[in-house]
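The opening residue of the sequence shown carries number 3 in the working numbering; numbering runs sequentially from there.
Okay, so here's the structure we're looking at.
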Amino acid sequence: MDLALLGSAAGFALAACGTPGPNNMLLTSSGTRFGYGPTLKLLLGIMLGLQLLMLFTALGLGQLFLLWPPLQWALKILGSGYLLWLAWKIGRASPPVAGEGEQGMGWRQGVLFQFLNPKSWLMAVSAISGFTLAGDQYWPSAAGVLAIFLLFGIITGHVWALFGIHLRRWLKTPQDWRRFNVSMAILTAASVLMIWR
């Protein structure tokens, strides 16, 4: 890839993966509640799902949204409903109890979540359409875009997960946990607003 295009793709990946959104809210909440191990599995699932989504987009799946606008609406409705359900689950979660062995969302759920996450679709379609080259350079540039998103997704995902893990030390009482869970639920629900802008 051209260095200027590589730099632009990296900047876009950093902004897209690093800003608040459904994936990062899940990673923060998981890090706080379940710790590093289970959250790492979720992060790996998120990254695998995003890579698959971007690959399918590069293979032409993203064109369906341009050719068939009702599909966009269906994804927005399904994605919004799922995010609101997740927000409700997060907001109603009770404080963790030592020794219960909770695991949270696993890597499979992280993979599947990407296909219902409208922000992931937007990232995939924008990245593939905006940073790939035509002709013989299409697949090498697409591979470069996937690699850039994998790198920045893992880095920024770790930041959000570690943020959650460090937040845990401030949550001493059931009331602290309740406030945290409600705050995370509100932020997760608020990400629905980004879908409908």
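C-beta atoms are modelled at their ideal positions from N, C-alpha and C, and glycine is treated no differently.
Quick caveat, the model's predicted, so the values are computed rather than measured.
Are the Cβ atoms of residue i and residue j separated by less than 8 Å?
i, j, result
"Ala-191", "Gly-33", "no"
"Phe-36", "Val-127", "no"
"Leu-45", "Gly-166", "no"
"Leu-52", "Gln-105", "no"
"Met-27", "Ile-156", "no"
"Ala-18", "Met-107", "no"
"Gly-47", "Val-113", "yes"
"Ala-11", "Val-147", "yes"
"Leu-118", "Leu-80", "yes"
Which residues in the same chain have their Cβ closer than 6 Å to the Cβ of residue i, if we skip the five residues on either side of it in sequence?
i, result
"Ala-60", "Ile-130 and Ala-144"
"Arg-170", "Thr-34"
"Trp-109", "Lys-43, Leu-46 and Gly-47"
Whose C-alpha, out of the options, is nearest the C-alpha of residue i?
i, options, result
"Gly-9", "Arg-180, Thr-134, Gly-51 and Gln-65", "Thr-134"
"Leu-2", "Ser-31, Phe-14, Gly-83 and Phe-115", "No information on residue 2 is available, as it lies outside the stretch 3 to 199 that the chain covers here."
"Tyr-84", "Pro-120, Leu-57 and Lys-174", "Pro-120"
"Trp-141", "Leu-80, Val-99, Arg-181 and Met-56", "Met-56"
"Phe-182", "Arg-94, Trp-87 and Ala-76", "Arg-94"
"Leu-29", "Leu-88, Leu-195 and Val-99", "Leu-88"
"Thr-175", "Pro-97, Ser-185, His-168 and Leu-118", "Pro-97"
"Asn-25", "Leu-69, Gln-111, Phe-14 and Gly-132", "Gln-111"
Please list, in chain order, all residues of the same chain as residue i whose beta carbon is under 7 Å from its beta carbon, the five residues on each side excluded.
i, result
"Leu-73", "Leu-66 and Phe-67"
"Ser-82", "Val-194 and Ile-197"
"Leu-77", "Pro-120 and Trp-123"
"Ile-92", "Ser-31, Asn-183, Met-186, Ala-187 and Thr-190"
Kindly list the residues whose CB is nearer than 8 Å to the CB of residue i, restricted to its own chain and excluding five residues on each side of it in sequence; keep chain order.
i, result
"Val-161", "Gly-20"
"Leu-16", "Phe-154 and Thr-158"
"Pro-22", "Leu-189 and Ser-193"
"Trp-172", "Asp-178"
"Phe-14", "Ser-128, Ala-129, Gly-132 and Phe-133"
Can at least three beta-carbon pairs, one atom from the region 144 to 154 and one from the region 36 to 47, be found at a separation below 8 Å? no
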